[in-house]
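Encoded as structure tokens, the structure appears first; notes follow it.
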Amino acid sequence: MYKYVILGPQGSGKGTQARKLAEDYDLVHISVGDIFRWHLRNHTKLGSRVERIIKQGLLVPDEIVQEVVRKRLEEHDWNYGFILDGFPRTRPQAEFLFENWNIDRAIYLDVPEPVIFQRVMHRAQVGEADGSGKRADDDPDILRTRLQEYYEKTTPLLALFEERGILLRIDGTGTIEEVYAAIRRALNLPDPPRPLRDA
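Under our numbering, residues -7 to 191 are what the sequence shown spells out, in order.
The following block contains the structure:
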């Protein structure tokens, strides 16, 4: 059973890589961002609270995030393991995680800030062009605030994972497939099974 965490700032590609790992290795992809976006779309009480926080460019408070993660992991639908995407982001969240689950590896996607800006602004333009819309946090000013808070609160967590000997630093600037191959090599994962072709 694999229990992974994937870390990286907004625009680092962690959601894309987490989905690929989940699909190829039968893991449950638990994205805190996706859970919050569901609440936003469905105009829940939690969604309204989170929306106000996101529009200010701030990180969602620890107690809210921890409760969302706890409820999701308590569903126990992850027979072969899980990959946590977007959690932990602060020291209290990391301590909460270590107290409750044994994490095998923490994957950190290292992407320079100029590349992040380029990716996120491109994502926003594509969202507007294809009608899917852009995220509330794809605004340049909000992105700057979020990145600043990310580096202040989340970057120090890397030392915690390093102390436990579970941190893997991955260069996240390549193509999706290049980064994915680097992650699989670092995790010593076998090649994913290829789908059977019809005869």
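Positions of the beta carbon are idealized from the N, C-alpha and C atoms, including for glycine.
Can you find the residues in the same chain that come closer than 7 Å, C-beta to C-beta, to residue i, ignoring five residues on each side of it along the sequence?
{"i": "Val112", "result": "Gln2, Gly3, Asp130, Leu135"}
{"i": "Arg97", "result": "Tyr(-4), Ile158, Leu160, Leu179"}
{"i": "Met(-7)", "result": "Tyr72, Gly73"}
Which value, in whole angstroms, describes the spacing of the CA atoms of residue i and residue j?
{"i": "Phe28", "j": "Val107", "result": "25 Å"}
{"i": "Gly209", "j": "Asp77", "result": "No answer is possible for residue 209: it lies beyond the span of the chain, which begins at -7 and ends at 191."}
{"i": "Tyr100", "j": "Asn34", "result": "31 Å"}
{"i": "Leu139", "j": "Pro104", "result": "11 Å"}
{"i": "Asp69", "j": "Asp18", "result": "11 Å"}
{"i": "Leu13", "j": "Phe74", "result": "9 Å"}
{"i": "Phe88", "j": "Leu38", "result": "21 Å"}
{"i": "Gln110", "j": "Gly164", "result": "14 Å"}
{"i": "Ile45", "j": "Pro84", "result": "19 Å"}
{"i": "Asp26", "j": "Val57", "result": "12 Å"}
{"i": "Ala173", "j": "Ser40", "result": "39 Å"}
{"i": "Leu152", "j": "Glu91", "result": "13 Å"}
{"i": "Asp133", "j": "Ile175", "result": "31 Å"}
{"i": "Ile95", "j": "Thr137", "result": "29 Å"}
{"i": "Arg156", "j": "Arg177", "result": "20 Å"}
{"i": "Val52", "j": "Trp30", "result": "15 Å"}
{"i": "Glu67", "j": "Thr36", "result": "21 Å"}
Is it buried or exposed, residue i, if we count other Cβ atoms within 10 angstroms and call 16 or more buried?
{"i": "Thr147", "result": "exposed"}
{"i": "Lys6", "result": "buried"}
{"i": "Leu50", "result": "exposed"}
{"i": "Leu(-1)", "result": "buried"}
{"i": "Pro80", "result": "buried"}
{"i": "Leu181", "result": "exposed"}
CB-CB under 6 Å to residue i, same chain, minus the five flanking residues each way: which ones, in chain order?
{"i": "Asp190", "result": "Reliability fails at Asp190, whose pLDDT of 49 lies under 50, so the model's placement of it is uncertain and no value is given."}
{"i": "Thr82", "result": "Asp54, Lys145"}
{"i": "Asp16", "result": "Pro184"}
{"i": "Leu149", "result": "Ala86"}
{"i": "Glu43", "result": "Leu32"}
{"i": "Asn71", "result": "none"}
{"i": "Tyr142", "result": "Pro1"}
{"i": "His114", "result": "none"}
Tell me which residues share the same chain as residue i and place their Cβ nearer than 8 Å to its Cβ, disregarding the 5 neighbours each side in the sequence.
{"i": "Trp93", "result": "Lys(-5), Leu65"}
{"i": "Arg11", "result": "His21"}
{"i": "Glu154", "result": "none"}
Below 8 Å on the Cβ atoms is my guess for residue i versus residue j; work out the distance and round it to an integer in Å.
{"i": "Asp102", "j": "Ile168", "result": "Going by Cβ atoms, the distance from Asp102 to Ile168 rounds to 16 Å, so no, they are not a contact pair."}
{"i": "Gln48", "j": "Val171", "result": "No, Gln48 and Val171 are not in contact; Cβ-Cβ is about 31 Å, not under 8 Å."}
Could you confirm whether any beta carbon from chain D is found closer than 8 Å to the beta carbon of residue i?
{"i": "Gln85", "result": "Any reference to chain D falls outside this structure, which holds one protein chain only."}
Exercise for the section: Determine contact between the region 60 to 68 and the region 21 to 29, defined as no fewer than three beta-carbon pairs at a distance below 8 Å. Expected result: A contact exists between the region 60 to 68 and the region 21 to 29.
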